[in-house]
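Q: Chains as they are written, first to last, in my numbering: chain U, 1 to 365; chain Y, 1 to 311.
Cβ atoms here follow ideal geometry from the backbone N, Cα and C, with glycine treated the same way.
All figures in this text were calculated on a predicted structure; none of them were measured in a lab.
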Amino acid sequence: MSIDTAPPAGATALDATSGAATRRDIMHRLLMTIGPILAALVIAGCILLAVGVDPLAYYGYVLEKGLFSPLGIQQTLTRMAPLLFLAAGLIVAFRAGMWNLGGDGQFLLGAVTAAASAPVLVQILPAWLALFCSFLIAMLVAMIWSLVPALLRAYQGVNEIITTLMMTFLGTSFANVLVKLVFRDPGTTVPQTRTLPVEDRLPRLFETTITSGLLLGLAAIIIVHLVMTRTAFGLKLRIVGANPRAAVHAGLGVPSLTIAVFAISAGLAGLAGAVDIIGVQGNVRADWNPAYGLAVIPAVFLARMNGFAAIGFVFLLSVLSIGGESAARRLGVPNHFTLVLVSIVLIVLALAEYVDHRYNQSRKA
Amino acid sequence: MTGLFSEVFLSALLFGAVTAAIPLLLAGLGEQMSEKAGVLNIGIEGMMLAGAYLGFVGAFYSGSLWLGFLTGAAGGIAVALVMALLCVRIGLNQIVIGIALTLGLEGLTALLHHFQFSRSYPRLPAADATVIPLLSDIPVIGPAFFKHHLIVYLAVALVFGMSYLYRRTQLGLNLQAAGDKPAALDVAGIDVVRTRTIAVLTTGALAGLGGAYLANVGAGLFIPFITNGAGFLGIVLAMLARGRPVWVLFGALLFGVCLSLTTAMQVAGVNIPTDVIQMLPFLAVMIMLVLFGRRASLPAALGIPYERGAR
């Protein structure tokens with residue numbers, strides 16, 4: 001885990017001062033992102049050809065639905081809201097050197113909590129206060145859920161990869177139990193929670209269908225980025241991440257910082273669940289698990305835990321998933337192809353970064 | 001409720017536990033080897049899925065279960081080859097590539113299944129059991145433990161083979177060193193990349209075999225996402241076992257009993273949502289971790305790609 005703030009690849013001390021060079025840098029970054037994505041599309045296209053689907057038609061639908069149609073882009077931006085919260089939580093954890101792989105469990109518990117509390121609260125409180133309280137409760141529940149891995153890691157040194165994975169399996173089942181037994185809406189036959197009326201959900205932006213949760217997500221990830229790179233607290237966390245033993249010698253309270261990291265990371269994952277429910281879904285159905293966390297983890301790594309880069313990757317993920325869903329429906333390909341596409345994009349991007357890094361090294365040498 | 005503890009029921013429960021435990025055992029043993037050598041193999045779920053799909057395809061078209069196991073292992077190795085190339089040879093981030101491989105294989109096997117089998121959902125005939133004479137006549141335990149397919153006994157034998165490998169052989173020590181102090185291994189004249197590659201490919205073979213067993217013997221068919229987190233459970237088992245193969249066996253059996261209990265409860269018509277029972281194994285492990293969670297002894301260089309001369 002590096003503590004650098006990810007200087008743009010190819011920037012050297014000398015040419016960073018001139019404006020032209022920075023522009024070249026940005027161009028270089030863009031090229032290094034778009035090139036691999038195109039390459040990945042070609043590889044995935046070969047798979048489509050192999051199963052007898054026209055790749056151009058498929059990608060056409062992905063772009064049209066995910067990016068260029070007014071309704072599609074609105075859905076894409078709406079999808080970004082929970083993903084941004086998840087990414088923000090992961091940035092905090094990964095920069096502090098803690099592998100919180102339990103995002104999905106924390107997300108679902110946050111979602112169920114929000115779904116259970118919001119419809120009740122809106123009846124007794126003013127709408128804005130009710131939603132705020134729902135967000136708060138969802139965040140607290142997710143934080144409490146992360147307490148076990150946090151305490152085990154902080155005071156017993158138990159590896160958090162095991163514990164968070166276990167807790168995510170537990171959390172997924174537990175969320176289902178809650179939906180089926182505790183918070184079940186008696187008025188429906190399918191097990192699901194009570195539905196939050198559309199007019200009580202988070203307001204939509206202007207005249208569009210985009211949820212205002214997007215703004216909350218953007219705010220969350222930018223605040224996280226600034227806290228991690230510009231504040232003393234962020235520096236402390238980065239030191240813990242870079243070298244926990246050195247952090248102890250520097251006089252940092254590593255156990256309490258560990259618990260803080262887990263709380264923030266899980267809290268943001270819980271908020272991700274809440275923003276998806278209060279902003280978009282309105283209720284939680286039994287066995288609902290979008291498993292966003294698994295796709296966001298590699299994206300955050302590829303963004304080198306940089307908040308602004310992560311926004312870009314989250315946008316890409318959203319375009320692929322919204323566009324893919326629609327293309328799959330129209331061409332009769334199962335939606336699973338989106339997983340293949342995302343996977344190839346991630347691998348090729350990682351490879352491209354490696355090649356770029358080696359090229360820079362050999363140029364310096 | 002009287003039927004719940006009858007002899008037949010109990011031995012069926014234990015039989016199911018063994019069947020459920022074998023894929024976890026194979027995955028756990030495989031992951032253990034990777035982790036020993038310093039590679040955190042999160043792609044193991046994908047390797048199991050590749051093994052399950054190709055294992056089923058092999059067994060379905062050839063009619064031979066053994067050929068199915070072979071193609072399953074080959075499928076796991078194929079995915080492991082990508083992992084070894086990207087994460088061991090050129091040192092890309094193991095978590096990124098691992099998760100990407102898992103996602104990709106989830107999608108790919110589901111896609112292929114859709115075009116190949118989604119109309120007919122073909123099934124394999126039930127696997128032949130190798131009945132061990134005398135032992136299988138013991139009441140309850142006999143039918144539960146000694147009437148399985150031959151590969152089950154081989155998998156259990158592998159546990160002891162692995163113990164021998166880690167304790168008594170040069171390769172076992174090399175693997176350990178590749179995870180704890182790769183630079184020292186390099187200085188001793190052993191190729192770190194090669195040692196780790198061997199470990200990752202073995203993981204692939206075992207995970208693929210586990211997947212093939214899951215599809216061919218456990219379920220008798222392939223369905224998308226059939227592994228349902230078995231690979232992640234393998235990672236957990238490997239980490240809990242702290243380098244000892246026998247512990248992987250115990251852990252796999254514990255999970256096996258819980259998984260089998262889920263099915264048994266449903267059959268017996270007990271009125272608890274399956275989700276509650278599904279939580280049992282994880283709850284058991286979390287309680288174990290809270291009670292006995294001393295410092296886990298993970299290899300020092302776990303997850304860190306080796307680059308000669310790097311500091």
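(1) Once DSSP output is grouped into helix, strand and coil, what is the label at Gly16 (chain Y)?
(2) CB-CB under 8 Å to Tyr155 (chain U), same chain, minus the five flanking residues each way: which ones, in chain order?
(3) Under 7 Å Cβ to Cβ from Gly267 (chain U), same chain only, skipping five residues before and after it: list those, please.
(4) Note down, one range per segment and in chain order, each alpha helix (DSSP H) of at least 4 residues found wholly within the region 212–273 of chain U.
(5) For Ala37 (chain Y), which of Y:Asn216, Y:Phe146, Y:Gly309, Y:Ile190 has the nearest alpha-carbon?
(6) If I measure Cβ to Cβ from Arg123 (chain Y) and keep anything under 7 Å in the same chain, skipping five residues before and after, which residues do I get?
(7) Can you give the beta carbon distance from Leu249 (chain Y) to Val156 (chain Y), rounded, assuming they're within the 8 Å contact cut?
(8) Hey, how far is the Cα of Ile287 (chain Y) from the Cα of Met32 (chain U)?
(9) Looking at the C-beta of Ala52 (chain Y), does it have a partner C-beta in chain U at a distance below 8 Å?
(10) So which residues on chain Y does Tyr354 (chain U) lean against when the C-beta distance must stay under 7 Å?
(11) So, at 6 Å on beta carbons, what are the nonlocal neighbours of Ile264 (chain U) in its own chain, with the 5 sequence-adjacent residues on each side left out?
(12) Quick one: which residues of the region 109–139 of chain Y get their C-beta closer than 9 Å to a C-beta of chain U? List them in chain order.
(13) Could you compute how far the alpha carbon of Tyr166 (chain Y) sits from the alpha carbon of Phe160 (chain Y)?
(14) Since Leu67 (chain U) and Thr78 (chain U) are thought to touch, with beta carbons under 8 Å apart, how far apart are those beta carbons, to the nearest angstrom?
(15) Locate the alpha helix (DSSP H) running through Thr71 (chain Y), then write down its first and last residues.
(16) Using CA coordinates, which residue listed in U:Gln106, U:Val280, U:Ala219 is at the minimum distance from Ser173 (chain U)?
(17) For Ser134 (chain U), collect the residues of the same chain with a Cβ closer than 7 Å to its Cβ; drop the 5 residues on either side in sequence, then sort them by chain order.
(18) Anyone know if the C-beta pair for Gly107 (chain Y) and Ala73 (chain Y) falls short of 8 Å?
(19) Comparing alpha-carbon positions, which option in Y:Glu45, Y:Phe117, Y:Ala27 lies nearest Val57 (chain Y)?
(20) Does DSSP classify Lys181 (chain Y) as helix, strand or coil?
(21) Taking DSSP as the reference, what is the three-state secondary structure of Ala336 (chain U)?
(22) Apply the 10 Å Cβ neighbour rule to Thr195 (chain Y) and answer buried if 16 or more other Cβ atoms are within range, or exposed otherwise.
(23) In this structure, how does DSSP classify His149 (chain Y) when only helix, strand and coil are distinguished?
(24) So if DSSP puts Arg285 (chain U) in a beta bridge, which residue, or which two residues, is it bridged to?
(25) Between U:Ser318, U:Arg238, U:Val342, which lies nearest to Leu257 (chain U) when the distance is taken from Cα to Cα?
(26) Can you tell me whether Arg242 (chain Y) is helix, strand or coil according to DSSP?
(27) Are Ala55 (chain Y) and Gly231 (chain Y) close, meaning C-beta to C-beta below 8 Å?
(28) Can you grab the Cα-Cα spacing for the pair Asn228 (chain Y) / Gln278 (chain Y), in whole Å?
(29) Is the beta carbon of Leu346 (chain U) sitting closer than 8 Å to the one on Ala100 (chain Y)?
(30) Is the region 247–261 of chain Y close to the region 20–34 of chain Y, with three or more CB pairs under 8 Å?
(31) Per DSSP, what kind of secondary structure is Val53 (chain U) in: helix, strand or coil?
(32) For the alpha helix (DSSP H) that Asn176 (chain U) lies in, which residues bound it at each end?
(33) For the alpha helix (DSSP H) containing Thr202 (chain Y), list its first residue and its last residue.
(34) So, for Gly142 (chain Y): in the same chain, excluding its five sequence neighbours on each side, which residues have a beta-carbon less than 7 Å away from its beta-carbon?
(35) Since Phe145 (chain Y) and Leu261 (chain Y) are thought to touch, with beta carbons under 8 Å apart, how far apart are those beta carbons, to the nearest angstrom?
(36) May I ask you to list, following chain order, the residues of the region 155–177 of chain U that have a beta carbon less than 8 Å from some beta carbon of chain Y?
A: Taking the structure as given:
(1) Reading the second sequence from its first residue, position 16 is the one you call residue 16 (chain Y). Note: Gly16 (chain Y) maps to helix in three-state DSSP.
(2) Along the first sequence, read from residue 1 onward, the residue named residue 155 (chain U) stands at position 155. So the qualifying residues of the chain are Pro255.
(3) In the first sequence, residue 267 (chain U) corresponds to position 267, counting from 1. Same-chain partners within the cutoff: Met139, Ala142, Met143.
(4) 213–230, 232–242, 244–249
(5) Residue numbering aside, residue 37 (chain Y) sits at position 37 when the second sequence is read from its first letter. Here the closest residue by C-alpha is Y:Ile190.
(6) Locating residue 123 (chain Y) in the second sequence gives position 123, where the first residue counts as 1. Counting only Cβ-Cβ distances below 7 Å, and skipping sequence neighbours, we find Gly220, Leu221.
(7) On the second sequence, residue 249 (chain Y) is found 249 positions in, with the first residue counted as 1. On the second sequence, residue 156 (chain Y) is found 156 positions in, with the first residue counted as 1. The C-beta distance from Leu249 (chain Y) to Val156 (chain Y) rounds to 7 Å, short enough to meet the 8 Å contact threshold.
(8) The sequence position of residue 287 (chain Y) within the second sequence is 287, counting from 1. The sequence position of residue 32 (chain U) within the first sequence is 32, counting from 1. Per the coordinates, the alpha-carbon of Ile287 (chain Y) lies some 47 Å from the alpha-carbon of Met32 (chain U).
(9) Translated into the one-based positions of the second sequence, residue 52 (chain Y) becomes position 52. Closer than 8 Å: no.
(10) Taking the first residue of the first sequence as position 1, residue 354 (chain U) is located at position 354. Ile90, Leu92, listed in chain order.
(11) Looking up residue 264 (chain U) in the first sequence gives position 264. If we look at Ile264 (chain U) and ignore the five residues flanking it on each side, its Cβ neighbours are Val92.
(12) Thr109, Ala110, Leu111, Leu112, His113, His114, Phe115, Ser118
(13) Indexing the second sequence from 1 puts residue 166 (chain Y) at position 166. Indexing the second sequence from 1 puts residue 160 (chain Y) at position 160. Whole-angstrom Cα-Cα distance: 10 Å.
(14) Here residue 67 (chain U) corresponds to residue number 67 of the first sequence, with the count starting at 1. Here residue 78 (chain U) corresponds to residue number 78 of the first sequence, with the count starting at 1. With 8 Å as the limit, Leu67 (chain U) and Thr78 (chain U) do not qualify as a contact, their Cβ atoms being about 14 Å apart.
(15) Residue mapping note: residue 71 (chain Y) aligns to position 71 of the second sequence, counting from 1. 65–83 is the extent of the alpha helix (DSSP H) around Thr71 (chain Y).
(16) Here residue 173 (chain U) refers to the residue found at position 173 when the first sequence is read from its first residue. The shortest Cα separation from Ser173 (chain U) among U:Gln106, U:Val280, U:Ala219 belongs to U:Gln106.
(17) As a first step, residue 134 (chain U) is located in the first sequence; it is residue number 134 there, counting from the start. Excluding sequence neighbours, Ser134 (chain U) sits near Ala114, Ser117, Ala118, Leu121, Ala274, Ile278.
(18) As a working note, residue 107 (chain Y) is residue 107 in the second sequence. As a working note, residue 73 (chain Y) is residue 73 in the second sequence. For Gly107 (chain Y) and Ala73 (chain Y), no; Cβs fall outside 8 Å.
(19) What you label residue 57 (chain Y) is simply residue 57 of the second sequence in a count that begins at 1. With distances taken between Cα atoms, Val57 (chain Y) lies closest to Y:Phe117.
(20) In the second sequence, residue 181 (chain Y) corresponds to position 181, counting from 1. Reduced to three states, the DSSP call for Lys181 (chain Y) is coil.
(21) The residue given as residue 336 (chain U) occupies position 336 in the first sequence. Looking at the sequence itself, residue 336 (chain U) is His, so the reference to Ala does not match. Looking at His336 (chain U) - three-state DSSP - the assignment turns out to be coil, as it is neither helix nor strand.
(22) Residue numbering aside, residue 195 (chain Y) sits at position 195 when the second sequence is read from its first letter. A residue is called buried when at least 16 other Cβ atoms come within 10 angstroms of its Cβ; Thr195 (chain Y) meets this threshold and is buried.
(23) The sequence position of residue 149 (chain Y) within the second sequence is 149, counting from 1. Reduced to three states, the DSSP call for His149 (chain Y) is coil.
(24) Residue numbering aside, residue 285 (chain U) sits at position 285 when the first sequence is read from its first letter. Per DSSP, U:Gln192.
(25) Along the first sequence, one-based indexing puts residue 257 (chain U) at 257. The shortest Cα separation from Leu257 (chain U) among U:Ser318, U:Arg238, U:Val342 belongs to U:Arg238.
(26) What you label residue 242 (chain Y) is simply residue 242 of the second sequence in a count that begins at 1. The answer is coil: DSSP assigns Arg242 (chain Y) none of H, G, I, E or B.
(27) Counting from one through the second sequence, the residue named residue 55 (chain Y) turns up at place 55. Counting from one through the second sequence, the residue named residue 231 (chain Y) turns up at place 231. For clarity, residue 55 (chain Y) is Gly in the given sequence; the question names Ala instead. Taking 8 Å as the Cβ cut-off, Gly55 (chain Y) and Gly231 (chain Y) do not qualify as a contacting pair.
(28) One-based indexing of the second sequence puts residue 228 (chain Y) at position 228. One-based indexing of the second sequence puts residue 278 (chain Y) at position 278. Rounded to the nearest angstrom, the two C-alpha atoms are 12 Å apart.
(29) One-based indexing of the first sequence puts residue 346 (chain U) at position 346. One-based indexing of the second sequence puts residue 100 (chain Y) at position 100. Yes, Cβ-Cβ distance for Leu346 (chain U) and Ala100 (chain Y) is below 8 Å.
(30) yes
(31) Reading the first sequence from its first residue, position 53 is the one you call residue 53 (chain U). Residue state, collapsed to three classes: coil.
(32) In the first sequence, residue 176 (chain U) corresponds to position 176, counting from 1. Per DSSP, Asn176 (chain U) belongs to the alpha helix (DSSP H) from 160–177.
(33) Here the question's residue 202 (chain Y) lines up with position 202 in the second sequence. Counted as a single uninterrupted DSSP element, the alpha helix (DSSP H) harbouring Thr202 (chain Y) occupies residues 192–213.
(34) Looking up residue 142 (chain Y) in the second sequence gives position 142. Here the set comprises Leu135, Ser136.
(35) Residue mapping note: residue 145 (chain Y) aligns to position 145 of the second sequence, counting from 1. Residue mapping note: residue 261 (chain Y) aligns to position 261 of the second sequence, counting from 1. About 17 Å; that fails the 8 Å criterion.
(36) The region 155–177 of chain U vs chain Y, Cβ under 8 Å: Gln156, Gly157, Val158, Asn159, Ile161, Ile162, Thr163, Leu165, Met166, Met167, Phe169, Leu170, Ser173, Phe174, Asn176, Val177.
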